[in-house]
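A short worksheet on the structure shown next.
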Amino acid sequence: MLPKLKVSNLSCRRADNQLFDDLNFEVHPGQNIEIIGSNGSGKTTLLRILLGLIDIGNGEMEWLDNENNYNNFRSIDCFYQGHSLGIKNLLSAQENLRLSSYSFGVSEEKILSSLNRVGINNHSSFASEMSVGQKKRISIARWLLKDFGIYFIDEPFSALDDQASSLIVEIIEELNAKGASFVITGHRPSEITSNQITLDHEV
Amino acid sequence: MNKIWNYIKDWFIEMGSPPLFFKWSSKILPWLLFISITVFIVGLLWGLFYSPTDYKQGDVYRIIYIHVPSAILGQSIFMFMAICGFITMVWRVKISGMLLKSAAPIGASFTLIALLTGSIWGKPTWGTWWVWDARLTSTLILFFIYAAIIGLHSSIDNKTKADRAISILSLVGIAIIPIIKKSVDWWQTLHQPSTFSLTSAPSMTPDMYQPLLLCVLGFYLIFALLLTMNLRAEVVIREKNRSWVSKQFLNLER
Amino acid sequence: MIEQISTIISMDGNGLYVWSCLFILFFIIGINIYLPNRKLNRIYKENKAKAQ
Amino acid sequence: MKSNIYNWFFLILRRDLLMAFRRSSTYITPLIFFLIVISFFPIALSPDQDFLRSLAPGVIWIAALLSSLLAIETIFSEDFRDGTLDEFFISNDPSFVLVFAKVLCHWLVTGFPILLASLISSLILYLPVSSLLPMICSLILGTFFMSLLGAIGAALSLGKSAILSAIIVLPFSIPTLLMGTAAVSSAIDYQDYSGFLLIMGAMLAIGVPGLCLLTVEAILLNYE
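Chains as they are written, first to last, in numbering that gives the first Met the number 0: chain F, 0 to 202; chain Z, 0 to 253; chain D, 0 to 51; chain V, 0 to 223.
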């Protein structure tokens with residue numbers, strides 16, 4: 000199968016630091032990529048460059064479009080979750096999920112079942128009343144709303160108990176089976192993939 | 000046509016690359032220093048000593064040779080900054096962001112000179128240090144806008160990011176400054192008849208006008224000089240860890 | 000000669016205004032020349048010290 | 000179902016309004032601030048009726064300007080902090096629509112209560128009834144323009160002090176202030192005020208697309 004995203008010769012420098020240089024990788028359907036690096040090594044910047052949020056990198060990113068051609072425009076459904084979870088405190092769990100699914104329209108059952116899948120049962124209570132772990136679970140529930148092409152997740156394994164991290168691994172494997180790919184970042188290698196890119200320029 | 004345009008653009012980008020800029024500016028700096036200071040001093044001497052005395056205001060009108068050029072500079076530097084801001088936003092040329100940053104304090108200085116000298120001029124002619132005249136007010140606001148740009152730049156630590164932030168602000172400014180000038184004029188006509196006008200002699204004689212033109216030219220040259228100096232300092236500070244700085248600026252071979 | 004100079008300087012009693020304007024002009028331009036050169040000098044000294 | 004621009008616009012608007020009404024301080028604080036500032040002028044200057052009447056347009060306008068500026072500082076910061084702004088910006092929907100929706104929501108939440116409060120303050124500042132209409136019209140146009148300007152200030156100073164965004168925005172607000180006060184005071188003098196309102200409308204018409212686009216650029220800067 001063709002890779003969904005081809006990155007070649009990507010490099011980026013910020014002020015005096017070369018964040019990364021000559022980065023090459025491909026994201027294949029159903030396979031994951033993990034970007035490992037310490038704080039300030041440019042993990043988040045890399046994700047943002049990939050998604051086109053900022054335009055400070057040099058190099059080529061090619062996305063597979065519907066007709067199996069590569070071009071520079073992102074036409075694959077992408078899901079991005081940054082450092083912060085994207086959960087609004089003043090909305091309930093259900094409303095948060097409904098907001099994330101505005102553009103593709105998801106039935107209420109799907110929302111509820113996604114929430115149940117991650118172990119959130121009080122659907123209508125505000126996110127402000129929930130703990131950080133529970134908010135993290137809501138954000139994981141959003142992965143299940145639709146079959147996205149590539150998931151870009153910034154540090155999914157930080158600040159989680161064992162139970163929650165095994166839940167994440169489970170869900171990632173489940174989604175991989177459907178053909179989705181994950182691009183995740185982290186401080187140290189996790190068990191979900193052996194396909195790792197290390198960003199370690201010496202500061 | 001397109002080819003020529005691209006050629007010109009590439010040439011400018013190449014000339015604007017920090018090491019090359021530092022090299023050629025080092026060569027022209029002594030010349031610029033000499034020419035600008037000569038024209039500046041000659042213009043001021045001519046205006047302050049050899050031009051005729053105004054029959055109405057007496058010798059105090061000679062402040063015009065300081066006041067008017069700096070007011071003109073205050074406005075045209077903002078125009079310059081807006082052009083730099085546009086280039087920074089559209090083509091992401093690094094040097095134009097630095098130009099914008101280095102021009103801001105100079106523009107603020109000239110606007111401040113215009114304000115202070117205008118106020119000093121006001122004392123003997125109007126009998127008071129400050130009048131809420133339309134031009135004075137809009138110059139004051141221009142000064143505030145310069146201050147806002149400088150303040151914004153210093154508050155952002157990432158300097159490339161700060162350059163782009165102030166280029167956005169300078170673009171907003173260039174759109175709104177004409178509106179400010181126009182609205183202050185209207186405000187004047189509404190509240191009080193504009194009894195005061197800064198150019199008290201409406202038709203100047205040529206021997207008053209010629210030194211004024213020379214002064215304006217001299218001020219522009221001084222601006223070019225100050226800008227080059229500021230930009231050189233800016234470039235070296237931004238890139239002080241690069242190898243070209245130690246080679247060219249410090250003449251060291253590490 | 001001295002009288003001529005003093006009439007030029009006093010400018011019919013308005014001299015104070017004109018000369019203070021001139022002073023402000025040179026003072027502010029002087030600051031603008033001094034500051035970037037001081038920055039350059041500081042970096043020059045720092046790097047010289049580092050190199051030796 | 001494919002989302003179009005209007006769905007996207009109303010989604011943001013609905014979401015922001017919903018959240019604003021769940022946290023009542025968003026619309027009550029600027030309102031109270033406005034009334035406090037208004038009531039300080041008679042106390043500090045003089046309770047004389049004629050004096051206050053001549054001062055009223057300026058006082059109301061300054062208070063409206065400051066309170067809408069005070070409130071706009073948080074327009075993007077919360078979304079930026081909790082990551083929802085990232086999501087909006089990587090989605091394929093146009094981001095200037097997002098900015099416009101957020102500005103409109105902010106205006107509905109803060110500018111609109113200020114309009115109502117300005118009616119009350121016209122009573123305590125002895126403003127004649129004939130000048131109420133130009134005051135309301137100019138405040139509608141002016142506070143909306145201020146919200147747009149404030150949005151760009153807030154985006155540029157995201158995560159920094161509120162005073163910085165005030166410094167950025169206040170010099171640019173002069174035309175609005177002048178036109179607004181001029182409209183009200185010419186109505187007090189029984190003169191034609193429509194010209195001032197037309198100019199404010201023209202500024203708004205240019206400001207909506209221009210400032211929204213520049214605000215998008217300013218927000219994107221914060222991701223670098």
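Backbone N, C-alpha and C fix where the C-beta goes; we use that ideal spot for every residue, glycine too.
If I'm right that residue i touches residue j with Cβ under 8 Å, what's the distance once you round it to whole angstroms?
{"i": "Z/D206", "j": "Z/P51", "result": "6 Å"}
{"i": "V/A153", "j": "V/E72", "result": "5 Å"}
{"i": "V/D15", "j": "F/K87", "result": "Going by Cβ atoms, the distance from V/D15 to F/K87 rounds to 10 Å, so no, they are not a contact pair."}
{"i": "Z/K122", "j": "Z/W131", "result": "Between Z/W131 and Z/K122 the Cβ distance is about 16 Å, and since that is not below 8 Å, they are no contact."}
{"i": "Z/K160", "j": "V/L220", "result": "6 Å"}
{"i": "Z/W120", "j": "Z/V59", "result": "7 Å"}
{"i": "Z/S182", "j": "Z/G84", "result": "Not quite, the Cβ-Cβ distance comes to about 23 Å (not below 8 Å), so this is no contact."}
{"i": "F/K135", "j": "F/L159", "result": "6 Å"}
{"i": "Z/G15", "j": "Z/I94", "result": "4 Å"}
Along chain D, which residues have their Cβ under 7 Å away from the Cβ of residue i?
{"i": "Z/F48", "result": "I7"}
{"i": "Z/T116", "result": "C20 and I23"}
Which residues in chain V have a C-beta closer than 7 Å to the C-beta of residue i? List them in chain order.
{"i": "F/K87", "result": "M18, D81 and T83"}
{"i": "Z/F143", "result": "P170"}
{"i": "Z/R163", "result": "L220"}
{"i": "F/H122", "result": "What F/H122 touches in chain V: nothing, since even the nearest Cβ is about 17 Å away."}
Residues of chain V with a CB under 8 Å from the CB of residue i: which are they?
{"i": "F/I53", "result": "L219, Y222 and E223"}
{"i": "F/C77", "result": "I89"}
{"i": "Z/M88", "result": "E216"}
Does the Cβ-Cβ distance between residue i and residue j come in under 7 Å?
{"i": "Z/I149", "j": "V/P174", "result": "no"}
{"i": "Z/L226", "j": "Z/A102", "result": "yes"}
{"i": "V/S172", "j": "V/L44", "result": "no"}
{"i": "V/S156", "j": "V/L148", "result": "no"}
{"i": "V/S130", "j": "V/I187", "result": "yes"}
{"i": "D/L24", "j": "Z/I65", "result": "yes"}
{"i": "F/I191", "j": "F/V168", "result": "yes"}
{"i": "F/S180", "j": "F/I149", "result": "yes"}
{"i": "Z/I76", "j": "Z/G117", "result": "no"}
{"i": "Z/F109", "j": "Z/L151", "result": "no"}
{"i": "V/L140", "j": "V/S117", "result": "no"}
{"i": "V/P56", "j": "V/V183", "result": "yes"}
{"i": "V/T142", "j": "V/W60", "result": "no"}
{"i": "F/R47", "j": "V/Y222", "result": "yes"}
{"i": "Z/T87", "j": "Z/D184", "result": "no"}
{"i": "V/M18", "j": "F/L98", "result": "no"}
{"i": "F/C11", "j": "F/L18", "result": "yes"}
{"i": "V/V102", "j": "V/S146", "result": "yes"}
Taking C-beta pairs closer than 7 Å, name the residues in chain F that residue i reaches, listed in chain order.
{"i": "V/E216", "result": "Here the premise fails: no neighbours, minimum Cβ distance about 11 Å."}
{"i": "V/L103", "result": "Simply none; closest approach about 18 Å."}
{"i": "V/L10", "result": "Y101"}
Output, in chain order, the set of chain D residues within a Cβ distance shorter than 9 Å of residue i.
{"i": "Z/I27", "result": "Going along chain D, no residue has its Cβ under 9 Å from Z/I27, so there is no contact; the nearest lies around 16 Å."}
Residue i: beta carbon under 6 Å from a heavy atom of the ligand PLP?
{"i": "Z/I173", "result": "Ligands are entirely absent from the displayed structure, and the ligand PLP is therefore not among its contents."}
Given that residue i touches chain Z, what residues does it touch there, using C-beta distances under 7 Å?
{"i": "V/I167", "result": "A147, L151 and L168"}
{"i": "D/I27", "result": "S108, L111 and I112"}
{"i": "D/I42", "result": "V235, I236 and K239"}
{"i": "V/K159", "result": "S154"}
{"i": "D/I4", "result": "Under the 7 Å cutoff, chain Z gives no residues; its nearest Cβ is about 11 Å from D/I4."}
Along chain V, in chain order, which residues have C-beta atoms closer than 9 Å to that of residue i?
{"i": "Z/I179", "result": "P170, F171, I173, P174 and L177"}
Residues of chain D with CB closer than 8 Å to the CB of residue i, please, in chain order.
{"i": "Z/L212", "result": "Within chain D, no residue comes near Z/L212; the closest Cβ sits about 18 Å away, beyond 8 Å."}
{"i": "Z/K122", "result": "Y16"}
Find the residues of chain F that neighbour residue i, judging by a C-beta separation of less than 9 Å, and give them in chain order.
{"i": "V/E72", "result": "Those do not exist, as V/E72 stays about 18 Å from chain F at its closest Cβ, beyond 9 Å."}
With a cut-off of 8 Å, do at least 3 Cβ pairs link the segment 87-103 of chain V to the segment 3-13 of chain V?
yes
Assess contact between the segment 19-33 of chain F and the segment 83-98 of chain F, defined as three or more Cβ pairs (one per stretch) separated by less than 8 Å. Is contact present?
Remark: fewer than three beta-carbon pairs, one from each stretch, lie closer than 8 Å, so the segment 19-33 of chain F and the segment 83-98 of chain F are not flagged as touching.
Under 8 Å, with one C-beta from each stretch per pair, do the segment 219-237 of chain Z and the segment 29-44 of chain Z reach the 3-pair mark?
yes
Decide if the segment 16-28 of chain V is in contact with the segment 104-116 of chain V; the criterion is three or more beta carbon pairs, one per stretch, under 8 Å apart.
As far as the Cβ criterion goes, the segment 16-28 of chain V touches the segment 104-116 of chain V, which means the pair count is three or higher.
Ordered list of beta strand (DSSP E) runs contained in the segment 130-186 of chain F, each at least 3 residues:
149-152 and 180-185
Is the segment 149-160 of chain F close to the segment 180-192 of chain F, with three or more CB pairs under 8 Å?
With the cut-off at 8 Å, the segment 149-160 of chain F and the segment 180-192 of chain F touch.
Alpha helix (DSSP H) runs contained entirely in the segment 139-226 of chain Z, provided each spans 4 or more residues
Qualifying alpha helix (DSSP H) stretches, in chain order: 158-190.
Are the segment 170-185 of chain Z and the segment 131-142 of chain Z touching by the rule of at least three beta carbon pairs closer than 8 Å?
yes
Three Cβ pairs or more, each shorter than 8 Å: is that satisfied between the segment 23-31 of chain D and the segment 48-66 of chain V?
With fewer than three CB-CB distances shorter than 8 Å, the segment 23-31 of chain D does not count as touching the segment 48-66 of chain V.
Could you tell me whether the segment 115-125 of chain F touches the segment 118-138 of chain V, using the rule of 3 or more Cβ pairs below 8 Å?
Contact between the segment 115-125 of chain F and the segment 118-138 of chain V is not established, with fewer than three Cβ pairs separated by less than 8 Å.
Please give me, in chain order, every unbroken run of the alpha helix (DSSP H) with length at least 4 that falls completely inside the segment 61-148 of chain Z.
63-90 and 93-125
Inter-stretch contact (C-beta, 8 Å, three-pair minimum) for the segment 7-26 of chain Z and the segment 53-70 of chain F:
no
In chain order, which alpha helix (DSSP H) runs of at least 4 residues are fully inside the segment 23-109 of chain F?
Note on the segment 23-109 of chain F: whole alpha helix (DSSP H) runs with a minimum of 4 residues are 42-50 and 92-99, in chain order.
Hey, is the segment 18-37 of chain Z in contact with the segment 230-240 of chain Z, meaning 3+ C-beta pairs nearer than 8 Å?
yes
If we require 3 or more residues per run, which beta strand (DSSP E) segments fall completely within the segment 137-203 of chain V?
none
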